[in-house]
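Throughout, the numbering used here is defined as the position within the sequence shown, counted from one, plus 527. Even for Gly, the Cβ is constructed at its ideal location relative to N, Cα and C.
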Amino acid sequence: TPATVASRAFQRELAFRAIGVDVEAQACGGVVDAIEEGDEILAEALVRSHVDALKRKMPKPQAAILGCTHYPLLEGTFQAALGPDVKVFSQADLVAESLADYLTRHPDMKGAGKESLFLTTGDPASVSDRATQFLRRKITFQSA
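Laid out in structure tokens, this is it:
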């Protein structure tokens, strides 16, 4: 997202963990809004446009990190636009794997799993409606 790119969070982490790797960040403005508004055609067109912009800066990327919680919903579109030779990493998968690893090493941190809490920095009612529509089960968000 534009905010993620502006924060340079991925660039800092990758510079620390993957010395010598060239990193090019590409903000994908409008994609989140299109997803949240349910406009799949616009979202897919925006993804293709943003990937084209990335490829002008880095013609042969080897890997891409989808750095937004919304982007896995369009992972196939990103993969198609990037091409079959580009490895796509989903933030959702990376976070889930990291959490699973952490909980394996710290079993005392596992909860009973009886209750879920969903937080958003957006409008809770709107996000709840979209999540319920997408997941086809009632999801209620609260303000973060």
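Item, Value
"Distance between residue 601 and residue 592 (C-alpha atoms, nearest Å)", "13 Å"
"Every unbroken beta strand (DSSP E) within the stretch 633–665, with a cutoff of 3 residues, ordered by chain", "645–647"
"Contact the stretch 582–590 vs the stretch 546–553: 3+ CB pairs below 8 Å", "yes"
"DSSP bridge partner residues for residue 669 (one or two, in chain order)", "646"
"Cα-Cα separation between residue 605 and residue 562, rounded to whole angstroms", "14 Å"
"Stretch pair the stretch 534–548 + the stretch 566–578: three plus CB contacts closer than 8 Å", "no"
"Cβ-Cβ separation, residue 558 to residue 608 (assumed contact under 8 Å), whole Å", "With a Cβ gap of about 12 Å, residue 608 and residue 558 do not count as contacting."
"Under 8 Å between C-beta atoms of residue 668 and residue 645", "yes"
"Contact check, residue 596 vs residue 570, beta carbons under 8 Å", "no"
"Proximity of residue 556 and residue 599 at Cβ, strictly below 8 Å", "no"
"Outcome for residue 643 when other beta-carbon atoms lying within 10 angstroms are tallied against a minimum of 16", "exposed"
"Reference residue 616; option with closest CA among 560, 594, 630", "594"
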